[in-house]
Amino acid sequence: MASWFSRFRRDDSGGDPGTPVVYEVVGAGVSELTYSYGDPAKGEETRVVDVRTPWREEVSMSGLGVLPMLTVTWAPSDGGPPHTAEVRISVAGEPALRATVVAESSSASFVVHPFPGA
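All residue numbers for the sequence shown refer to numbering that gives the first Met the number 0, where the first residue is 0 and numbers rise by one.
Here it is as structure tokens:
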């Protein structure tokens, strides 16, 4: 079984731009996002506040330790109906993760499993 992570080969020559990773969030009530552009353990992530959906970001990842990861925080629904949002992550143009969340107020993290279909 091939791993997603074999696509993130390190190329120190500067000739390889890396593997494209696309993060997408569609829905309502999202107040904050944090997404990785490299190794989250090294702080290689970006925080986005006051999110407007639909939201999309493409990054290029390469090297050891990279991990496509997205954390989404929903604002309180203030007694109204729960918020619904769909989260998608693709790697090298292929769908790697898709999830739908229904929540009144919460945070959820989404991480691409290293082996597709596992």
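Glycine is no exception: its CB is placed at the ideal position from the N, C-alpha and C atoms.
* Asked: Say the cut is 7 angstroms; is the CB of T45 nearer than that to a heavy atom of the ligand MG?
  -> The ligand content of the structure shown is nil, which means the ligand MG is not present either.
* To do: Measure the CB-CB distance between S106 and P75 and report whether it falls below 8 angstroms.
  => no
* Asked: Around the Cβ of S35, are there at least 16 other Cβ atoms within 10 angstroms (buried) or fewer (exposed)?
  -> buried
* Asked: In the DSSP assignment, what are the bridge partners of R97?
  -> R87
* To do: Starting from R51, trace the beta strand (DSSP E) both ways and give me its first and last residue.
  => Segment: none, R51 is in no beta strand (DSSP E) and carries neither H nor E.
* Looking at C-alpha atoms only, which residue of P16, T18, V25 is the closest neighbour of T83? -> V25
* Asked: Which residue or residues does DSSP assign as beta-bridge partners of S59?
  -> P19
* Going by alpha carbons, who is nearest to V48 out of W73, R97, V21, G79? -> W73
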